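Trainee: Numbering (the working numbering), first residue to last: 38 to 590. Below is a structure I'd like to ask you about.
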Amino acid sequence: MKIDINTIFPSSTKEYISGTIYNNIKVGMRRIHVNDNTESILVYDTGGPHTDQKIEVDISRGIEKLRLNWIIDRQDIEYHKRQTINLNSEYVFPLQNNNVLKASTNKPVTQMFYAKNNIITPEMEYVAIRENRLRQKIFSYKPTVMAPEITPEFVRQEVAAGRAIIPANINHPESEPMVIGKNFLVKINANIGNSVVSSNIEEEIQKMIYAIIHGADTVMDLSTGNNIYNIREWIIRNSPVPVGTVPIYQALNKVNGIVEDLDFNIFKETLIEQAEQGVDYFTIHAGVLKNYIDYTNNRLTGIVSRGGAIMAQWCIIHNKENFLYTNFEEICDIMKSYDIAFSLGDGLRPGSIADANDTAQFLELKTLGELTDIAQKNDCQVMVEGPGHVPMHLIKENVEKQIHFCKEAPFYTLGPLTTDIAPGYDHITSAIGAAIIGWYGTSMLCYVTPKEHLGLPNIQDVKDGVIAYKIAAHAADLAKGNPSAYIRDYALSHARFNFKWYDQFNLSLDPKTAKSLHDESLPSEKAKSAHFCSMCGPKFCSMKLSHQLKSTE
C-alpha cells in the first residue's frame, strides 16, 4: 500500500534529527522547500515511514520497531506468552508475535514512574526534539506571547507532575513518542474502526495511514463489528502514532451484545488482550456512577456516549455500582504493567447544546478527578476526556472545572460542537469549539468528521476531519504563542503577498486541494506567476496595489 507522498506534499523532503543524550535517536520531520530566498520550513511529521519515500512499507509485515531496544535496555521487562485468542485465520496478521512484553515483578515501566525518579528516557528526549526543534528563529517576526522552551528535562518535569503524558505501551515499539499536555503543541486524534454494517481491515488501515499522513497525532480504533481483534493488530503493527481503544466495546462483543452478561472478569480479560497487542491508551468509563444516572433523565438527548450508556444500563440492570469504578485499583495494576495511559471517559458528556454543563456532566468530572489522583499515585499516566456539545460561552467553564478537579491532567475533548443545526458539517461546528477549548488549555482534540451523527466515515471524511482539526489545533497554538505556528503562518503570508503561488500551495495543510481550487479558474502555468487570482483579477488585487504603493515610497 504505497502512497505517493510527493503528490500529497510537493516540494517536501523527510529528514531526521539526532538526539544528544541518546545518540541513537532519529526524529523524523518534514522540510518544506520554498522557491524564493526565504529559508525552508521544518514541520512536525506524524506519518512515520509512511511519509518517507525511501522506505517501502509492507503492511503485511508492519513497520520498524523503533523503540524495542530502548525498552529492552531498561532491563525492567520480561517476555510472556500472549493469551490464546480464537481468531478467524483469514484475517490474522501474518507476523503476529506470540511473545509479548510485561513489567518484571515490582518494576514499574511507566514514563511517569521514570519521570518521578528523575530519569530522562529516550522517549522524553524524542518528544523534546519534536516539540522544540521547530522553535528555531527563522524570521524577525516574534509572537506577542511565547510558550516555554521545551527541553528533555522540561518534558520529564511535566510528566512527573501529571500535566503531560507520553502514551507508549511497551508492546507497541513501532510508535514514535509524542507528548500530550497543555504546555506542548495541541494534538489531534482521529477515530477509525468498523461497524457491523460497514468497512473491512484494508479500508481501516487506509484510513489510519491517510489520517496520520495529514497530521493525526493519535488514532483510536473504535471497531464494533467483526474481527475487532484482527483489525486492531493490523493497525498497531503499522501505526507510528499511539493507538487508543474503548475496551468495553470488545468486552460487550464477547457476550454477544447482551449488557446484562458483562462482568469485570470479561472486561479484565479484554484489557490484558489489548495490552498485549500494544494499545497505548484505554478509554475507561469509570466515572459513570449509579447515583449519577438519574440526573440524565431530564436531558433532551440522555446519555450519548456508547461506553457510558453501556455502563449505565449495566448498573440499572444489576442495581450495583459500576464495576470499572469498584475495581479501579486492579485496572491500575494492569495499566502500569504495560505503560498504558488512562483516557478517563466522559460517559455522561452532553450530546446536545440543551444539555451542556449540567449536573450529571460535572458530577462525573469531579469523580474523574478523584480517579486521576488514584491512577497517578499508582504511577499511571492519565488524561481526562471532555465534551461534547457546548455553546461557545460555556466552553471556558469546562476547562476551568477540569483543571480544578483533575489537577491539570491533560484534557482531551470531542470538539466540542458549538451548535446542533448542521448535520453534514459537524467537522466545522466542532472545529470552532475545538479551537476555543484548545486555546483555553485542552491538550488533545478528538476530531469530528462530516459524517458525525450520520454514518461511518470513509477515507475522504477522515481526511476532511483531520484537516479541520489541524486548523483548530494550529489556531490554538498561535493563540498560546507557539513559535513554530507563527513561523509557518509568516512564511505562507510572505509567499501570498509576493505571489509565490507554488510556495503558498506547498506551505498549506493540504497543498493538493489549494492548487486544484486555484487552477479551477486559472489552470495555466503562466497563472502561477501572475500577480492576481480569479477573485480580483489584475486590476483590483489589493496586494498588487500594495506593492505599487511600496514602490512609490
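Note that CB positions come from ideal geometry on N, CA and C, so glycine has one too. Owing to the predicted nature of the structure, the values given are computational and were not obtained by experimental measurement.
1) Reducing DSSP to helix, strand and coil, say where alanine 472 ends up.
2) Measuring straight from C-alpha to C-alpha, what distance separates isoleucine 92 and serine 389?
3) Based on the DSSP secondary-structure assignment, which residues constitute the bridge partners of arginine 67?
4) Can you tell me whether glycine 425 is buried or exposed? The criterion is at least 16 other CB atoms within 10 Å of its CB, across all chains shown.
5) Is it true that the stretch 184-203 meets the stretch 237-250, where meeting means three or more beta-carbon pairs spaced less than 8 Å apart?
6) Between the beta-carbon of methionine 404 and the beta-carbon of tyrosine 362, is there less than 9 Å?
7) Spell out the partners DSSP gives isoleucine 225 in its beta bridges.
8) Within 10 Å of its beta-carbon, does proline 494 have 16 or more other beta-carbons around it, so buried, or fewer, so exposed?
9) What span of residues does the beta strand (DSSP E) with serine 232 cover, start to end?
10) For lysine 118, which residues in the same chain have their Cβ closer than 8 Å to its Cβ, ignoring the five residues on either side in sequence?
11) What three-state label does DSSP hand tyrosine 506 in the structure shown?
12) Looking at aspartate 395 and tyrosine 332, is the spacing between their C-beta atoms short of 9 Å?
13) Is tyrosine 151 helix, strand or coil when you go by DSSP?
14) Take threonine 338 and list the residues in its own chain whose beta-carbon comes closer than 7 Å to its own, dropping the five residues that flank it on each side.
15) Can you list, in chain order, the residues of its chain whose CB lies under 6 Å from that of isoleucine 246, leaving out five sequence neighbours each side?
16) Tell me the rounded alpha-carbon separation between isoleucine 330 and threonine 455.
17) Tell me, which residues are paired with alanine 140 by DSSP?
18) For the structure I just gave you, are there three or more beta carbon pairs, one from the stretch 276-283 and one from the stretch 311-320, closer than 8 Å?
19) Count the other C-beta atoms from every protein chain shown that fall within 10 angstroms of the C-beta of asparagine 267, then say buried if there are 16 or more, exposed otherwise.
20) Under 6 Å Cβ to Cβ from phenylalanine 442, same chain only, skipping five residues before and after it: list those, please.
21) Give every residue of the same chain whose Cβ lies closer than 6 Å to the Cβ of phenylalanine 360, excluding the five residues on either side of it in the sequence, and list them in chain order.
22) What's the call for tyrosine 527, buried or exposed, on a 16-neighbour Cβ count within 10 Å?
23) Are the CB atoms of lysine 444 and threonine 479 nearer to each other than 9 Å?
24) Which value, in whole angstroms, describes the spacing of the CA atoms of isoleucine 40 and phenylalanine 46?
25) Per the contact definition of three or more C-beta pairs closer than 8 Å, is the stretch 364-384 in contact with the stretch 203-210?
26) My output table needs one value for threonine 255: the three-state DSSP class, helix, strand or coil.
27) Spell out the partners DSSP gives valine 419 in its beta bridges.
28) Between the Cα of glycine 670 and the Cα atoms of Asn334, Val325, Glu358, which residue gives the shortest distance?
29) Exposed or buried, aspartate 95, counting other C-beta atoms within 10 Å across all chains shown (16 or more means buried)?
30) By how many angstroms is the C-alpha of alanine 532 removed from the C-alpha of cysteine 573?
31) Going by CA-CA distance only, name the one from Ile353, Tyr484, Asp110 that's closest to threonine 255.
32) Roughly how many angstroms separate the alpha carbons of alanine 551 and aspartate 540, rounded to a whole number?
33) In terms of alpha-carbon separation, which member of Ala468, Pro284, Tyr81 lies closest to phenylalanine 304?
34) Considering threonine 158, what are the terminal residues of the alpha helix (DSSP H) in which it resides?
35) Contact between the stretch 44-62 and the stretch 507-527 is defined here as three or more beta-carbon pairs at a separation below 8 Å; is this criterion met?
36) Grab me the residues of isoleucine 249's own chain with a C-beta within less than 6 Å of its C-beta, minus the 5 sequence neighbours each way, in chain order.
Mentor: The relevant details are as follows:
1) Numbered from 1 along the sequence shown, position 435 holds the residue referred to as residue 472. Looking at alanine 472 - three-state DSSP - the assignment turns out to be helix.
2) Here residue 92 refers to the residue found at position 55 of the sequence shown. Here residue 389 refers to the residue found at position 352 of the sequence shown. Taking the straight line joining both Cα atoms gives about 45 Å.
3) Numbered from 1 along the sequence shown, position 30 holds the residue referred to as residue 67. For arginine 67, which the question treats as bridged, DSSP gives the partners Lys51, Val80.
4) Here residue 425 refers to the residue found at position 388 of the sequence shown. Result: buried.
5) no
6) The residue you call residue 404 lines up with position 367 of the sequence shown. The residue you call residue 362 lines up with position 325 of the sequence shown. The question names methionine, yet the displayed sequence has threonine at residue 404. Taking 9 Å as the Cβ cut-off, threonine 404 and tyrosine 362 qualify as a contacting pair.
7) Counting from 1 along the sequence shown, the entry for residue 225 is found at position 188. DSSP output for isoleucine 225 lists Leu482 as bridge partner(s).
8) Locating residue 494 in the sequence shown gives position 457, counting from the first residue. Proline 494 is buried by the Cβ-count criterion.
9) The residue given as residue 232 occupies position 195 in the sequence shown. Taken as a continuous stretch (DSSP letters only), serine 232 belongs to no beta strand (DSSP E), as it is neither H nor E.
10) Residue mapping note: residue 118 aligns to position 81 of the sequence shown, counting from 1. Within the same chain, lysine 118 has close Cβ partners Asn135, Asn136, Val137.
11) The residue given as residue 506 occupies position 469 in the sequence shown. In the structure shown, tyrosine 506 sits in a helix (DSSP, three-state: H, G or I).
12) The sequence position of residue 332 within the sequence shown is 295, counting from 1. The sequence position of residue 395 within the sequence shown is 358, counting from 1. Yes, Cβ-Cβ distance for tyrosine 332 and aspartate 395 is below 9 Å.
13) Residue mapping note: residue 151 aligns to position 114 of the sequence shown, counting from 1. Looking at tyrosine 151 - three-state DSSP - the assignment turns out to be helix.
14) Reading the sequence shown from its first residue, position 301 is the one you call residue 338. Correct list, in chain order: Gly388, Ser389, Asp392.
15) On the sequence shown, residue 246 is found 209 positions in, with the first residue counted as 1. Contacts found: His87.
16) Here the question's residue 330 lines up with position 293 in the sequence shown. Here the question's residue 455 lines up with position 418 in the sequence shown. Distance between the alpha carbons of isoleucine 330 and threonine 455: 25 Å.
17) Against the sequence shown, residue 140 aligns to sequence position 103. In DSSP, alanine 140 forms a bridge with Ile114.
18) yes
19) Working through the sequence shown from its first residue, we reach residue 267 at position 230. Its Cβ being crowded by 16 or more others within 10 Å, asparagine 267 is buried.
20) Here residue 442 is taken as the residue at index 405 of the sequence shown, counted from 1. Same-chain partners within the cutoff: Leu402, Lys403, Gly406.
21) Start at 1 with the first residue of the sequence shown, and residue 360 comes out as number 323. Closer than 6 Å at the Cβ level, and outside the excluded window around phenylalanine 360, lie Phe301.
22) Within the sequence shown, residue 527 is the residue found at index 490, counting from 1. With 16 or more other Cβ atoms within 10 Å, it is buried.
23) Along the sequence shown, read from residue 1 onward, the residue named residue 444 stands at position 407. Along the sequence shown, read from residue 1 onward, the residue named residue 479 stands at position 442. No, the Cβ-Cβ distance between lysine 444 and threonine 479 is not below 9 Å.
24) In the sequence shown, residue 40 corresponds to position 3, counting from 1. In the sequence shown, residue 46 corresponds to position 9, counting from 1. Straight-line Cα distance between these residues: approximately 11 Å.
25) yes
26) Residue numbering aside, residue 255 sits at position 218 when the sequence shown is read from its first letter. Note: threonine 255 maps to strand in three-state DSSP.
27) Position 382 of the sequence shown, counted from the first residue, corresponds to residue 419. Per DSSP, Phe379.
28) The first residue shown for the chain is 38 and the last is 590, placing residue 670 beyond what the model contains.
29) Translated into positions along the sequence shown, residue 95 becomes position 58. Aspartate 95 should be labelled exposed.
30) Indexing the sequence shown from 1 puts residue 573 at position 536. Indexing the sequence shown from 1 puts residue 532 at position 495. Between cysteine 573 and alanine 532, the C-alpha separation is close to 18 Å.
31) Counted from its first residue, the sequence shown places residue 255 at position 218. The candidate whose alpha carbon is nearest that of threonine 255 is Tyr484.
32) Mapped onto the sequence shown, residue 551 falls at position 514. Mapped onto the sequence shown, residue 540 falls at position 503. Computed Cα separation, rounded: 11 Å.
33) Stepping through the sequence shown from its first residue, residue 304 is reached at position 267. The shortest Cα separation from phenylalanine 304 among Ala468, Pro284, Tyr81 belongs to Pro284.
34) The residue labelled residue 158 in the question sits at position 121 within the sequence shown. It is not in any alpha helix (DSSP H) - threonine 158 carries neither H nor E in the DSSP assignment.
35) no
36) Looking up residue 249 in the sequence shown gives position 212. Cβ within range, chain order: Thr83, Gly84, Val278.
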